[in-house]
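K.L.:
Quick one: the structure is below, questions incoming.
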Amino acid sequence: MRSFVDRLAEARIGSTYNQYADSPLRRRRLADYLDARRDAPILLVGEAAGYRGARVSGLAFTSERQLTGRDPAEATATIVHRVLDALGLAEDVLLWNVVPTHPGTSSSNRPPTRAEVAAAEPFLAELARGRRVVAVGRLAAAVTGAAHVRHPSHGGAVAFEAGLRALTHADTPVRVSA
Numbered sequence: 002m003r004s005f006v007d008r009l010a011e012a013r014i015g016s017t018y019n020q021y022a023d024s025p026l027r028r029r030r031l032a033d034y035l036d037a038r039r040d041a042p043i044l045l046v047g048e049a050a051g052y053r054g055a056r057v058s059g060l061a062f063t064s065e066r067q068l069t070g071r072d073p074a075e076a077t078a079t080i081v082h083r084v085l086d087a088l089g090l091a092e093d094v095l096l097w098n099v100v101p102t103h104p105g106t107s108s109s110n111r112p113p114t115r116a117e118v119a120a121a122e123p124f125l126a127e128l129a130r131g132r133r134v135v136a137v138g139r140l141a142a143a144v145t146g147a148a149h150v151r152h153p154s155h156g157g158a159v160a161f162e163a164g165l166r167a168l169t170h171a172d173t174p175v176r177v178s179a
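Residue numbers for the sequence shown, in my numbering: 2 to 179.
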């Protein structure tokens, strides 16, 4: 996974901020996380790294506060980890984003462009290989072609949990990437 992280750190994905390019800490965290989840059967894919989440922590759907107890929390990250724990899926899920780098500024998010999505596709494809893919939100669903759950932000926590429960604990078909 170190070579994956090195390639990501060197990648130019449109005008996104590559939080791995300038941070050995974020690169190490990501490599350790990917190694720990190497055999995770499910890939939960969001849209892009958020300004309070992966831009700072280096891990999708994860805020720095969850890792160190410091700095701002991120609502989506808090909900995602709470739900994964409640469903007993924390160790079975690899968290990722369609665009793993951050589109936006240090204090805001913006949707990734089509070109950014295309530039990030090889990273997503590599991690999706052999895993059940579950998309979080419509953009991730459109890009992956996978079944999707509602994004947990803006009042979507209950629907996110119900959708994830249905897709992981029922006979609902979930796309498996080749």
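Built from N, CA and C at the ideal position, the CB exists for glycine as well.
1. Buried or exposed: which applies to G47, given that a residue is buried once 16 or more other Cβ atoms fall within 10 Å of its Cβ?
2. Have a look at the DSSP bridge pairing and note the partners of H103.
3. Could you tell me which residues DSSP pairs with S109 in its beta bridges?
4. Tell me which residues share the same chain as L35 and place their Cβ nearer than 6 Å to its Cβ, disregarding the 5 neighbours each side in the sequence.
5. For S16, count neighbouring C-beta atoms within 10 Å of its own C-beta (all shown protein chains included) and say buried if the count is 16 or more, exposed if not.
6. Measuring straight from C-alpha to C-alpha, what distance separates P112 and V99?
7. Within the continuous alpha helix (DSSP H) that includes G164, where are the two ends?
8. I need the DSSP call for H149, collapsed to helix, strand or coil.
P.N.:
Let me lay it out:
1. buried
2. Y18
3. T106
4. M2
5. exposed
6. 11 Å
7. 158 to 170
8. strand
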